[in-house]
């Protein structure tokens, strides 16, 4: 893995418009008081695409419309996104509105409707103010300049405090290939696409089916391994659009440079996922749980997810309290196979538990490790070779403050 | 059910010493600063018993010792309990200490060791200060007076704010039969016995195997349907002791008055469970989620549990924000079968969603319903006849405050 990782380079100033062929825009449509709230990504050509959706049984109207678009020829050329209103539990009217959003976007950019995806995020159960959407879509002026990406990144946020974006590049068939993304997250972030939207662009030449397989498997070790509060939402999705303009030969797992592309996409997803977890509602720290020695990778992922999902672990991390008993409690009901007599636990580099026995440690050093911006919790179950990582955030007074009155 | 419920009477001033044959005591052993922290229940005769334990794979030493005691002849005559230290993840020494606690208690009351159960609750990973335990067990002077029960009720508490106790009576074979209980709860309360101890006494004549079956099935609709923060602990158990001194014929499901006993035990467990949920760490309200119209009772229970377990629902209830979208979000990933087009939701008596469509409601009335001490959320899934109830509490600033520095 080391070698492959070295072949992928982080592009600090890259955004969703860095890959060849993409433009973006964001405007204030008046759905929120002042923040930009309507954004679009447009590709110069129909792009191969892949998407994964929330597993909540209540799927919002825009997801249904997007699925229909993609089903036609597995290509997209634009995605239109609003914040403030989720357009979920809005019945027939909601579906009508999502179709209209798609139509208006298609008309504005001269595209067939089925090449347009629609995404929404915000409050459930209230209908979109369509006059604002109608008046504002024509004002979207996509550009391949940084501005366009920043405006889009802003437009998709809800209670997020910071924009989430990333960009990686690699070389395929001698061509530089770029993968970039923008995302929104915050509360309700848990397994399986939870109030989370991520839009990934790449100029790689990669067929839709290959892209879909890669996205699905990468989602399981990135977006699906983050949690803010254990909830899943009705609206979440990750969309990847591949313009193919980098000029490489079509990618597949048989392609000699496949691993480069896969790794660039994986790092893009992981970096976005970590930014989302770090910016969970009220969060002050990123928690990274690394579980090794599990019976399988799957069980290691469960255990890691339970650690970052535990309110008790999250509050202990907030309070910088080295309460490893709560880590034990969390993995003990994760469903992962555990031998209760041989578990090791570390917080940062400080071992707290060895063979399930407390190890004396300096409370001061432990406190320091828990004051870091990234708190790493490591568990070795010593029952196999399975490994997994999950990311979450601490649980703070501000989480309560934000969520006790979201609608008001 | 109505008829049976009427045959069971709540005894407002009853406690664990109300059923014939039971005495209790509690003292300050110095495990905590000033609060009583060591308690005992003693029966005049060896009592039939039943117990259920945490499903966390890390089971504390006292649970192991208690299981061994009960395995001998399914009878108990005393249970000794300490708070402040959980005696979990304490290795060989912890097991040795739990055995010693059992032995000291057996000696103090002249009992064979296998008639003594041991329970502990508190911090994980620190060994019991055995000098204090040794010095204090002889100071326990059980009595059948109210004092004894109150001292016991106090001794088992950790971060609980109030004592939890209840008592019901019914008539079996013409004899008054009493069932009573004391419990402790607070944080880490979730499915399957989580940092929760409950001790139930009854003077019914009921064999251990019959009692065990009843306890198991009642636990699934009472203690296992409450949640404070989704965690399970290493120490939790519910123990029932039946002295048989009421003088009824031995009970079994074939006994004509069986339903009376079962209902008294069920109400005892449900009342203790609700008190535990209501007193969750930092809680200001009890949340009761009632789900009907599910495919099965099991699925209704999952859905109800997901509602009261959702941090987003819990914070919305705290903020008296009628955010029914979060209720939808919670049931949508509960695993229960749902038709997304036909769900009804009420908060209190106010309908918010009908056939999955928002119903206009008065925000003021909704706020009033959410300011009640008990907030009832009702969901009708309209896909079957399954019903289930779960209880939880709101998530508040104080939960964070309490848990950010539990050890310090």
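Protein chains in written order, with the numbering used here: chain X, 21 to 428; chain P, 21 to 428. Just so it is clear, CB atoms sit at the ideal spot from N, CA and C, and this is done for glycine as well.
**Item:** Among X:239, X:406 and X:418, the one whose alpha carbon lies nearest that of residue 316 of chain X
**Value:** Taking only the C-alpha atoms, the option nearest residue 316 of chain X is X:406.
**Prompt:** Given that residue 360 of chain P touches chain X, what residues does it touch there, using C-beta distances under 8 angstroms?
**Reply:** Going along chain X in sequence order, the residues near residue 360 of chain P (Cβ under 8 angstroms) are 77, 78 and 79.
**Request:** For chain P, find out if any of its Cβ atoms is closer than 9 angstroms to the Cβ of residue 109 of chain X; answer yes or no.
**Result:** So, interface residue.
**Item:** Sequence-distant residues of its chain with Cβ nearer than 7 angstroms to residue 40 of chain P (five each side left out)
**Value:** Excluding the 5 residues flanking it on each side, residue 40 of chain P has same chain C-beta neighbours closer than 7 angstroms at 223, 263, 265 and 266, in chain order.
**Asked** Would a check of beta-carbon distances place residue 346 of chain X closer than 9 angstroms to chain P?
**Response** Taking Cβ atoms only, chain P reaches closer than 9 angstroms to residue 346 of chain X, which makes this a yes.
**Request:** Report the three-state DSSP secondary structure of residue 53 of chain X (helix, strand or coil).
**Result:** Shown here, residue 53 of chain X sits in coil according to DSSP, grouped into three states, outside any helix or strand.
**Asked** Is residue 319 of chain P close to chain X, meaning its C-beta is less than 9 angstroms from at least one C-beta of that chain?
**Response** Answer no: the Cβ-Cβ gap between residue 319 of chain P and chain X never drops below 9 angstroms.
**Asked** Roughly how many angstroms lie between the CA atoms of residue 281 of chain P and residue 272 of chain P, to the nearest whole one?
**Response** Rounded to whole angstroms, residue 281 of chain P and residue 272 of chain P show a C-alpha spacing of 10 angstroms.
**C-beta atoms of residue 321 of chain P and residue 409 of chain P nearer than 9 angstroms** = Between residue 321 of chain P and residue 409 of chain P, the CB-CB gap stays under 9 angstroms.
**Request:** Scan the stretch 128-156 of chain P for residues whose Cβ lies nearer than 7 angstroms to a Cβ of chain X and list them as they occur along the chain.
**Result:** Correct list: 143, 144 and 145.
**Message:** Short of 9 angstroms Cβ to Cβ, which residues in the stretch 361-387 of chain X face chain P?
**Reply:** For the stretch 361-387 of chain X, residues whose beta-carbon sits nearer than 9 angstroms to a beta-carbon of chain P comprise 361, 363, 372, 373, 375, 376, 377, 378 and 383.
**Item:** residue 391 of chain P classed as buried or exposed, judged by whether at least 16 other C-beta atoms fall within 10 angstroms
**Value:** Answer is exposed; the Cβ neighbour count stays below 16.
**Residues that residue 338 of chain X contacts on chain P, provided the C-beta gap is smaller than 9 angstroms** = Listed by position along chain P, the residues whose Cβ is nearer than 9 angstroms to that of residue 338 of chain X are 420, 423 and 424.
**Asked** Can you tell which of P:139, P:110 and P:162 has its C-alpha closest to the C-alpha of residue 146 of chain P?
**Response** The option with the nearest alpha carbon to residue 146 of chain P is P:110.
**Prompt:** Is the distance from the Cβ of residue 357 of chain P to the Cβ of residue 403 of chain P below 9 angstroms?
**Reply:** Against a cut-off of 9 angstroms, the Cβ pair of residue 403 of chain P and residue 357 of chain P comes out as a contact.
**Prompt:** Roughly how many whole angstroms lie between the Cα atoms of residue 201 of chain P and residue 279 of chain P?
**Reply:** Rounded to whole angstroms, residue 201 of chain P to residue 279 of chain P spans 19 angstroms at the Cα level.
**Message:** Suppose only complete runs of 3+ residues qualify. What are the beta strand (DSSP E) ranges in the stretch 91-148 of chain X, listed by chain order?
**Reply:** Along the stretch 91-148 of chain X, the beta strand (DSSP E) occurs as fully enclosed runs of 3 or more residues at 95-102 and 136-140, listed in sequence order.
**Prompt:** Do you know offhand how far residue 172 of chain P's Cα is from residue 362 of chain X's?
**Reply:** Straight-line Cα distance between these residues: approximately 36 angstroms.
**Prompt:** Between residue 341 of chain X and chain P, is there a C-beta pair that is closer than 9 angstroms?
**Reply:** For residue 341 of chain X, the nearest CB of chain P lies under 9 angstroms from its own CB, placing it at the interface with that chain.
**Beta carbon proximity, residue 332 of chain P to chain X, threshold 9 angstroms** = It does; some Cβ of chain X falls within 9 angstroms.
**Prompt:** Does DSSP put residue 364 of chain P in a helix, a strand or coil?
**Reply:** Correct three-state label for residue 364 of chain P: strand.
**Prompt:** Closest to residue 244 of chain X by CA distance: which of X:268, X:217, X:301 and X:137 is it?
**Reply:** For residue 244 of chain X, the nearest C-alpha among the options comes from X:217.
**Closest residue to residue 119 of chain X among X:80, X:400, X:288 and X:302 (Cα-Cα distance)** = Ranked by Cα distance from residue 119 of chain X, the first of X:80, X:400, X:288 and X:302 is X:80.
**Asked** Would residue 21 of chain X be called buried (16 or more neighbouring beta carbons within 10 Å of its own) or exposed?
**Response** Bear in mind that a pLDDT of 47 at residue 21 of chain X, under 50, signals an unreliable position, so the model cannot answer this.
**Request:** Say whether chain P places a C-beta atom closer than 9 angstroms to the C-beta of residue 104 of chain X.
**Result:** By this cut-off, residue 104 of chain X is not an interface position.
**Request:** Tell me where the beta strand (DSSP E) around residue 31 of chain X begins and ends.
**Result:** That residue, residue 31 of chain X, is in no beta strand (DSSP E); it is neither H nor E in DSSP.
**Where the beta strand (DSSP E) through residue 431 of chain X begins and ends** = Absent from the model: residue 431 of chain X. The displayed extent of chain X is 21 to 428, so no value can be given.
**Message:** Tell me which residue opens and which closes the beta strand (DSSP E) that residue 68 of chain P is part of.
**Reply:** Looking at the DSSP string, the run of the beta strand (DSSP E) that includes residue 68 of chain P is 58-73.
**Prompt:** For the stretch 169-200 of chain X, which residues have a beta carbon sitting closer than 8 angstroms to at least one beta carbon of chain P?
**Reply:** So nothing in the stretch comes that close.
**Asked** Between which two residues does the beta strand (DSSP E) carrying residue 201 of chain X extend?
**Response** For residue 201 of chain X, the enclosing beta strand (DSSP E) covers residues 195-204.
**Message:** Taking 9 angstroms as the threshold (C-beta atoms), are residue 373 of chain P and residue 313 of chain P in contact?
**Reply:** Contact: no.
**Prompt:** Looking at the structure shown, is residue 209 of chain X part of a helix, part of a strand, or coil, going by DSSP?
**Reply:** Its pLDDT being 45, under 50, residue 209 of chain X is placed unreliably in this model, and the coordinates cannot settle the point.
**Asked** Which first and last residues belong to the beta strand (DSSP E) in which residue 46 of chain P is found?
**Response** Under the DSSP assignment, residue 46 of chain P falls in the beta strand (DSSP E) whose first and last residues are 42-47.
**Message:** Quick check on the burial criterion: 16 or more other C-beta atoms within 10 angstroms. Buried or exposed for residue 232 of chain P?
**Reply:** Buried, because 16 or more other Cβ atoms sit within 10 Å of the Cβ of residue 232 of chain P.
**Request:** Take residue 198 of chain X and list the residues in its own chain whose beta-carbon comes closer than 6 angstroms to its own, dropping the five residues that flank it on each side.
**Result:** Closer than 6 angstroms at Cβ, skipping near neighbours: 38, 39, 189 and 223.
**Prompt:** In chain order, what residues of the same chain lie with their CB nearer than 7 angstroms to the CB of residue 370 of chain X, ignoring the 5 residues before and after it?
**Reply:** In its chain, beyond the 5 residues on either side, 381, 385, 386 and 389 have a beta carbon closer than 7 angstroms to the beta carbon of residue 370 of chain X.
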